[in-house]
Every structure is written in C-alpha cells, then in structure tokens.
Amino acid sequence: MKNHEKVINKYLSKQETESYIKKRYRNSFFELENEIQKKLINRLIKNNFLEIAPGTGRVSNHLPTSIKEGTLVDSSAEMISLLKRQSRFKIINTDFFKLKTKKKFDFAFSFRFLRHLNKVERQAALKKINYLLKKDSLLIFEAFNKRYSLVNSIFKRKSVYDKYFSINQIKKELDLNGFLVKAIIPLYKVYPLQRILYILIKRFSQKAAINTVKNIDNKINRSDLALEWLVIAKKAR
C-alpha cells in the first residue's frame, strides 16, 4: 500500500477523527506548533488559497475575515463532515492526487501531509502544487529534523511513515520541483530538553509545562537542534 493511501485509511474512521480533535493539539506538547502555524498563515495568507489536508479546519477556521476565497481538499469524509459545519470556504472531499481543477491559486499550505509521503509521492505532490500555483506564490509546510528520526520512531507504536530532513535536503528537493526556499522557521529549538521538562512539569501542571516549552523557544535562537521547521517556499518556475 502506498504511504498516502495509509494516511487516507488512518483518518477514515469517526473514532480517529474525534481523537485527532481531542488529543493532537489541545493542551499538549504540540500546542506551540499549533499556535505558530496559525500566526504564520494568518500573516502571509492570500485570497484564493489552497489548503491540502485541512482536517477539521484547525488552521483555516481561524483565518482573517478579510480572506473570503479558499479551497480545502481532504480525503477523509469524517473530517470533511466536521469541517463543513464551520468553514466558509469551498470544500472538496477527494484524494489530493486525484484533484481535478483548472484553477490557479495565489497561496498554498499544508500540514501533516507532505511529511507522510515517500520520495516518489512527495515529488508528485510538489509537482502538482507547483502546477496549481501562480508564479511567485508561496507554499508553506512543515518538515521534521532527521536528527530525531530514530528517537521518534521508538515512541510511535502505530504511526504512518514520516520523512525526516536536513535543511539542505529540503532546499534541494524544493529546487528540483520549481520552488525557492524563502525562510525556514525552527520550532522546539532544543527539543530534547523541552520534551524532558514538559514530561516532568506536566505531572504538577499542564499549563506550566506548556508555558515552559514556549518560553524556551522564545528565548533561544538556533535551528540545528529543532524538532521541526516551518518552510516558506516561493514558486520560482
């Protein structure tokens, strides 16, 4: 089975959808990721945008009211059913690889999609995103640091495939598919320390644990030990 098909199957069930909402970003170690992603998208978003794999609208449901035109593409009918209750944008329930449209977009973003694809699938996805974007438009997504591939695999019992990168690998792969990296923003900048402190402190206070993770990220300026990066790329050709 292809990796993107495994991802599709993972989010077909109502149980997985409900778990995603309750556990993934609400009061968890990944609250900082959620917060920064929303701020970044809100700062750079353009009308006529494309979001791939929006899930329940974690990001798109919080866009400025001035943004009125957007297209959300997700393969999970369960996710879509929740998304339709609150999203003001056009929603398409299909596998992104099967999406058929002649429309060209001014902006695109996607989280927890590209990272789950193998090399062949990522090339196909990036090529299609490039085709759907107007020249000089931005693409934003997340990439995980290869430094932690082994560590994370130990803690993931039933996870789909994850691709881990170096910064040079990100730049080369995007360049091959017509994109130029404009910025790479590190998150969880000293991941091992933050993870340990989070686990220790949350025994006494979940809020204090989350705030500790955030405060460390705000005070430290480095990217080599970051768990992940938010990648801002421009369609160059």
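Positions 88 to 324 (our numbering) are the ones given, in order, by the sequence shown. Heads up, the beta-carbon is just placed ideally off N, CA and C, and yes, glycines get one too.
DSSP state of residue i, grouped into three classes?
i: Pro141; result: coil
i: Lys276; result: coil
i: Tyr251; result: strand
i: Lys306; result: helix
i: Ser100; result: Its pLDDT being 47, under 50, Ser100 is placed unreliably by the model, and the measurement read from it follows with that caveat. Of the three classes helix, strand and coil, the one that applies to Ser100 here is coil, per DSSP.
i: Leu312; result: coil
i: Lys269; result: strand
i: Phe136; result: strand
i: Leu201; result: helix
i: Leu263; result: helix
By the DSSP assignment, the beta strand (DSSP E) with residue i in it spans what residues?
i: Ala323; result: It is not in any beta strand (DSSP E) - Ala323 carries neither H nor E in the DSSP assignment.
i: Ile179; result: Lys177 to Asn180
i: Leu159; result: Gly157 to Asp161
i: Arg195; result: A small correction: the amino acid at residue 195 is Ala; Arg does not occupy that position in the sequence shown. Note, Ala195: beta strand (DSSP E), Phe192 to Ser197.
I need the boundaries of the alpha helix (DSSP H) containing residue i, first residue and last residue.
i: Lys229; result: Before going further, note that residue 229 is Glu rather than Lys in the sequence given. No alpha helix (DSSP H) holds Glu229; the beta strand (DSSP E) holding it covers Leu220 to Asn232.
i: Leu127; result: Glu118 to Leu131
i: Thr164; result: Rather than Thr, the amino acid found at residue 164 in this sequence is Ala. Run containing Ala164: Ala164 to Leu170, per the alpha helix (DSSP H) assignment.
Please identify the residue among the options whose C-alpha is closest to the C-alpha of residue i.
i: Leu284; options: Gly142, Ile303 and Lys133; result: Ile303
i: Ser168; options: Ile297, Arg290 and Gly144; result: Gly144
i: Ile154; options: Trp316, Phe136, Ile254 and Gln173; result: Phe136
i: Ser162; options: Thr188, Lys221 and Ile178; result: Ile178
i: Asp262; options: Ile319, Lys233 and Leu312; result: Ile319
i: Gly142; options: Lys214, Ser197, Lys301 and Asn305; result: Ser197
Which term fits residue i, buried or exposed, when burial requires 16 or more other beta carbons within 10 angstroms of its beta carbon?
i: Arg209; result: buried
i: Gln281; result: buried
i: Thr158; result: buried
i: Asn205; result: exposed
i: Val207; result: exposed
i: Pro151; result: exposed
i: Phe183; result: buried
Given residue i, which residues of its chain have a CB within under 6 angstroms of its CB, disregarding the five upstream and five downstream residues?
i: Arg350; result: Residue 350 is absent from the model: the chain starts at 88 and stops at 324.
i: Phe200; result: Ile139 and Ala140
i: Trp133; result: Note that residue 133 corresponds to Lys in the displayed sequence, not to Trp. The answer, listed in chain order, is Asp193 and Phe194.
i: Ala295; result: Ile288
For residue i, collect the residues of the same chain with a Cβ closer than 7 angstroms to its Cβ; drop the 5 residues on either side in sequence, then sort them by chain order.
i: Gly265; result: Asn217, Lys322, Ala323 and Arg324
i: Asp223; result: Lys321 and Lys322
i: Gln173; result: Gly144 and Asn148
Beta-carbon within less than 8 angstroms of residue i's beta-carbon, same chain only, minus the 5 sequence neighbours each way: which residues are those?
i: Ile235; result: Reading off the sequence shown, one finds Tyr at residue 235, where the question assumed Ile. Around Tyr235: Tyr251, Tyr278 and Leu314.
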